[in-house]
Amino acid sequence: MKPRTHTLLMVTSFVPVILFKVVARTGPATLGQTRIAALAGVACALAQCLLSRKLTKQTTYLERAFLAFLAVATLWVFVMPEGIAMHFVTHSTSLLYIVLCLTTLLPQAFGFDPFTYAIAKQWYPESVWNTPQFRTINLHITYVWSALFLAAACSSFSGEGKPLFSILVPLILVLAIGLPFSKMYPEFYLKRKFPARPEEHALFEGTARDLISRMPLGFNSDAIPGLSATIQFLLSGEGGGDMVLSVKNGQCTFREGRESSPTLTINSSAEAWLKIARGEVDRPKALMEGLFSVQGDMALLMKMAELFRPPATDQSPERNRFEEKLDKEQSSVKGGKESMNVLAIQGSPRPKVSNTEKLLQEFLAGARSEGAAVETVYLKEKNIHPCVGCYTCWTKTPGVCVFKDDMPELLDKVRGADLLVYATPLYNYNVTALLKAFQERMLPLLDPHLVKESDTYRHPKRYSSGASGMVLVSTCGFPEVSHFDGLRQIFRHIEKSGKIPLVGELLVPSAELVLKQDFIRQKAEGIFKAAFQAGVEVVRDGAVSKETEASLQQPVVPVEELADMANIWWDSFQKDTARTSAQEKKLSQDMRLLLRGMALTFNPSAAGNLKATIQFDVTGRQPGAWFLSIGNGTCTYNEGRAPAPSLTIKTPSEVWLAIAAREKDGQQAFMRGEFKAEGDLSLLMRLNVLFGSQ
Ligand SMILES: Cc1cc2nc3c(=O)[nH]c(=O)nc-3n(C[C@H](O)[C@H](O)[C@H](O)COP(=O)(O)O)c2cc1C
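First residue of the sequence shown? That's 61 in the working numbering, and the numbers climb one at a time after it.
Laid out in structure tokens, this is it:
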């Protein structure tokens, strides 16, 4: 049905009443004239209804109201006695306005469409007709018309049907109030209920598809808590396509394709949608003008500006909301917060005896001391299938992996954390396979699109939630900190791509010696203290200070010595180590190294619950005082004099080094008085079982 036909019919629907008024009022109104006018009017109204029915298969409220009025008028003037009939003649205009007033009030009271629907439907696209907002707008307009008709009836009645009161005043009311209000009110209402923030997208340079695919990045789950909905975009033309945004469990995902029964469907050309998003076209106006159409939950459409804030873009000259959120989260890390959630991902395959674990737990203790809530996830205990690269989490089920193992639960934890701590031993210059598998399975947290940030393309984050800081905790076997270079580089990339600042690096080389061996523990105390301090700093200041990071990396003994000791330790596992090895040579030349090596090769199972201190008072080429403390199944190396040693060995360094190198027999040397021993001599006899191969 063409809109022009509707308009024409609307105009002609007034013809019967105009005809009635014209005939009845030509000259002084007499009963005879009124009878003729009523007959002419009712015939005309009937014709109008038939015509309308033929053309539009329905009649409007106005047509039915006029027909009813004229039918009653005809009956009245023909049936009623002349005196009463003349009342109708006098007040027919007032009665007409009352009929119109009732026509505006009654339909909705009986569950029918409001009076203005038929007219409004001609002005607005079909897609909005069944929306609650369209109904509300029409009800508001209808009630304004009711008031106007009532006012017109009063005016006409008080003016006793004189043209000034019965025609001019009502006409002024219609022209000055009714029509402008009907035209302007929908836009006013929608603008108020339909707040858009086009300025935030004003400088967006991508396609409409880019824009929509990035919407989950700015998803604000607080706008409609508990919302479960799908929004289908059907955008025609270049840069468009069929796209779906799914909202569930406080998360929003994007995918291409069609949804069988979406909550809301938005149809538009890609070009128009982009213009609307950028604010070049007014959104309510665009809807009313049919630039885009919607089916489904109109209320959801109206909430979209709140539901989706624009994600960060490099084009934006100002920091947009998404970045503000990131800043807020960062500042909460910086400023420290009581309830900061620290999640540690422990990647060592031997967490029970892990060097990294010792370091990590000191760090977490520091964070806890500042009020943080900490949790450690031991990947060794988790069932995490390696990623198979099917990309299902980017295609068929965006954000959801095909494997239903422990990973989905861990991803939820990751999203709920304020600070993410990756703890891993250095394996082949990288993270362990456990951590690598975990990191690969974090793919669902990313959006597949390639988005240029600064000078590099990256995958944006799928969700706006998640940690706002990241800490790397790692230990390695080699003594130089440069072994961590590759790992650090990788974490720099992770930092950039995830937009999660790396706020601390706790890197400890020579960890097998420094963190594991009790003989060196005293010296390593500083490392544990620094790890604790790092935990304090990250919660309190938002980042680990460079000084603290540096003190963790300081070699506790010279690098070369560490290497020698490490080799002694490894040798202790070889029953028949060749005497000629370079290590053995070195060992035979250095008293201090030898005593450290003794502590290193201490055999706790041979010691049982022995508690003793062995003092070495050394003279000769390498003079000095050192002692070994044995207790609780450990042996520590110490410099200086013990207060009350169990055994004191007084020896020139050359003698003791020669015994250790098996160039001299210990017992014979003692008998010959080459070295002296005081105190518990049974301990002296046990030395070769207490120290050596394990
Ligand atoms: C398979 C494997 C690979 C390793 N790769 C390296 C390496 O590339 N560089 C290094 O310095 N240490 C390396 N190490 C030594 C460990 O990093 C070191 O022992 C670490 O402290 C172990 O940590 P954990 O006790 O927490 O498991 C490797 C150890 C293993 C078992």
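Cβ atoms here follow ideal geometry from the backbone N, Cα and C, with glycine treated the same way. Keep in mind it's a predicted model, so treat the numbers as computed, not measured.
Can you look up residue i in the DSSP assignment and give me helix, strand or coil?
i: K81; result: helix
i: E331; result: helix
i: R343; result: helix
i: V533; result: strand
i: A98; result: helix
i: M400; result: coil
i: K736; result: strand
i: T679; result: strand
i: Y523; result: coil
i: M502; result: coil
i: K671; result: coil
i: L69; result: helix
i: F368; result: strand
i: C450; result: coil
i: L741; result: helix
i: R195; result: helix
i: R746; result: helix
i: E260; result: Its pLDDT being 47, under 50, E260 is placed unreliably by the model, and nothing is read from it.
i: T661; result: coil
i: C19; result: An answer regarding residue 19 cannot be provided, because it is not within the stretch 61 to 754 covered by the chain.
i: R518; result: strand
i: Y482; result: strand
i: D270; result: helix
i: A427; result: helix
i: T457; result: coil
i: P377; result: Residue confidence is low: P377 scores 30 on pLDDT, short of 50, so the model does not pin down where it sits. No coordinate-derived value is stated.
i: G286; result: coil
i: F751; result: strand
Taking 7 Å as the cut-off, is the CB of residue i close to at least one heavy atom of ligand 1?
i: S414; result: yes
i: H543; result: yes
i: A571; result: yes
i: E417; result: yes
i: K438; result: For clarity, residue 438 is Tyr in the given sequence; the question names Lys instead. Outside the cutoff, so no.
i: Y451; result: no
i: R410; result: yes
i: C447; result: no
i: L6; result: The chain is shown only over 61 to 754; residue 6 falls outside these bounds and no answer can be derived.
i: Y482; result: no
i: N627; result: no
i: P485; result: yes
i: N280; result: no
i: T535; result: yes
i: T423; result: Looking at the sequence shown, residue 423 is not Thr but Phe. Not so, every heavy atom of ligand 1 lies at least 7 Å from the Cβ.
i: F551; result: no
i: F538; result: yes
Going by C-alpha to C-alpha distance, which of the options sits closest to residue i?
i: G700; options: L655, D465 and A207; result: L655
i: F687; options: L612, F676 and T694; result: F676
i: A584; options: H147, Y697, C450 and K440; result: Y697
i: P240; options: K724, L424, I201 and I78; result: I201
i: K251; options: Y438, K345 and W189; result: K345
i: E620; options: L612, A721 and L653; result: L653
i: F126; options: V83, V77 and K114; result: V77
i: W630; options: G537, N415, W716 and T711; result: G537
i: E441; options: D472, I405, S242 and Q168; result: I405
i: Y487; options: T116, L106, S534 and P446; result: S534
i: I179; options: T313, S329, H66 and F662; result: H66
i: T708; options: F730, A365 and N443; result: F730
i: Y517; options: L573, G476, P446 and K559; result: K559
i: G459; options: K521, A289 and G301; result: K521
With a cut-off of 8 Å, does the C-beta of residue i fall near any C-beta of chain B?
i: T150; result: The structure shown contains no chain B, having only a single protein chain.
Would the C-beta of residue i count as close to ligand 3, meaning under 7 Å from any of its heavy atoms?
i: Y697; result: The ligand content of the structure shown is limited to ligand 1, which means ligand 3 is not among them.
In chain order, which continuous runs of the alpha helix (DSSP H) of length 4 or greater are located wholly inside the stretch 111 to 174? 121 to 139 and 142 to 169
Starting from the N-terminal side, write out each stretch of the beta strand (DSSP E) that is 3 residues or longer and does not extend beyond the stretch 686 to 712.
694 to 699 and 707 to 712
Q: Would you check if the stretch 503 to 510 and the stretch 535 to 549 touch, i.e. whether three or more CB-CB distances between them fall below 8 Å?
A: no
Which runs of the beta strand (DSSP E) spanning at least 3 residues fall entirely within the stretch 536 to 611, listed in chain order?
562 to 568
Are the stretch 659 to 678 and the stretch 554 to 570 in contact at 8 Å, needing three or more beta carbon pairs?
no
Query - Segment contact flag, the stretch 300 to 319 with the stretch 348 to 356, C-beta cutoff 8 Å, min 3 pairs - result: no
Does the contact criterion of 3 or more C-beta pairs under 8 Å hold for the stretch 207 to 217 versus the stretch 138 to 150? no
Decide if the stretch 590 to 608 is in contact with the stretch 623 to 632; the criterion is three or more beta carbon pairs, one per stretch, under 8 Å apart.
-> no
- prompt: Between the stretch 157 to 165 and the stretch 108 to 125, do three or more beta carbon pairs fall short of 8 Å?
  reply: yes
The stretch 514 to 532 touching the stretch 493 to 502, judged by at least three CB pairs closer than 8 Å
no
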